[in-house]
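In this text, residue positions in the sequence shown follow the numbering used here: the first is -2, and each later residue adds one.
Backbone N, C-alpha and C fix where the C-beta goes; we use that ideal spot for every residue, glycine too.
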Amino acid sequence: MTDATLAALIAAARDPDPGERLWAAEHLATEMDDENPAGVAELLALSADPDVRVRDWATFSLSHLVHRDGPEVRAALWARVDDRDEAVRSYALHGLARRRDRRAWPLMLAAFESGVVKEHLFEAAGFLREPALAPHLREFDDEKGRIAAALTECDPALRAARDALVLRVADLLLARAAEFEPTLYCERFTLDILLETNVYRPHHVTDVVAVLRSVGDDPDRAAAKIIDDLRARTPYPRRV
-2 MTDATLAALI
8 AAARDPDPGE
18 RLWAAEHLAT
28 EMDDENPAGV
38 AELLALSADP
48 DVRVRDWATF
58 SLSHLVHRDG
68 PEVRAALWAR
78 VDDRDEAVRS
88 YALHGLARRR
98 DRRAWPLMLA
108 AFESGVVKEH
118 LFEAAGFLRE
128 PALAPHLREF
138 DDEKGRIAAA
148 LTECDPALRA
158 ARDALVLRVA
168 DLLLARAAEF
178 EPTLYCERFT
188 LDILLETNVY
198 RPHHVTDVVA
208 VLRSVGDDPD
218 RAAAKIIDDL
228 RARTPYPRRV
């Protein structure tokens, strides 16, 4: 984002016209580069805007789009968990869970016990890894496959079994294709377990759990599928 664009968005965020502030709330997170501190500061302010539409967009942006954490971000989200608007409350809870704020799990539990749960909170529940949420997750139909990942995170036995499968895939990759220098890693704001290699044409990252799921949780077949994909991408792995 250019300095001029940021300046225009900041000016709109401070405009007395709620329509201008709404425009800023809708675009700040998608236009910012590298989580620009000035842009994040404006979103924090907009999350407390008197106009519910502005609060909604700003809180959604902080919850789902901004990859930034810290006391000021969490304080802004906590300030919205009692908002009079239901959507704003659910976005705030999602944002706290996504930042793995353990203080949020009783609120998540209350949301599930209410029987009316916003769809995006199913994924958010997984970030908290709270076993008390597992029975409630099992009560919902998982037609879209969005509950399984959260349930795995919240159920210690399921999580241990998943981790064992992933580590077995990693061992097989090291044994069969060490030239690709496979490395497992996780990112703070997702539930994925990712595999990075030295294949850079293009830069390629593999979701290991998704591959396992596609082959019936068979580590041997998963490793073979990953290796075939890597070799198809380039016959010459590049070391760094």
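- Of the residues Pro47, Asp82, Ala122, the one whose Cα lies closest to the Cα of Thr187 is Ala122.
- Excluding sequence positions up to five before and after Val196, its CB lies within less than 7 angstroms of the CB of Phe177, Leu227, Arg230, Thr231, Pro234, all in the same chain and listed in chain order.
- In this structure, DSSP gives Glu176 a helical state, which the three-state scheme calls helix.
- The alpha-carbon separation between Arg185 and Asp215 amounts to approximately 27 angstroms.
- Separation of the CB atoms of Leu125 and Arg97 is rounded to 7 angstroms, and the pair is thereby assigned contact status at 8 angstroms.
- According to the DSSP assignment, Ile224 belongs to the alpha helix (DSSP H) that extends over 216 to 230.
- Within 10 angstroms of the beta-carbon of Ser211 lie fewer than 16 other beta-carbons, which makes it exposed.
- Taking C-beta separations shorter than 8 angstroms and ignoring five residues to either side along the sequence, the partners of Pro128 in its chain run Cys151, Asp152, Pro153, following chain order.
- Taken atom to atom, the span from the alpha-carbon of Trp20 to that of Arg165 is near 48 angstroms.
- Comparing alpha carbon positions, the residue from Tyr182, Ala9, Glu69 closest to Pro34 is Glu69.
- Nearest in C-alpha terms to Ala8, of all of Thr27, Arg135, Ala26, Gly36, is Gly36.
- Between the alpha carbons of Leu40 and Trp54 lies a distance of about 9 angstroms.
- Around the C-beta of Gly92, 16 or more other C-beta atoms lie within 10 Å, and the residue is accordingly described as buried.
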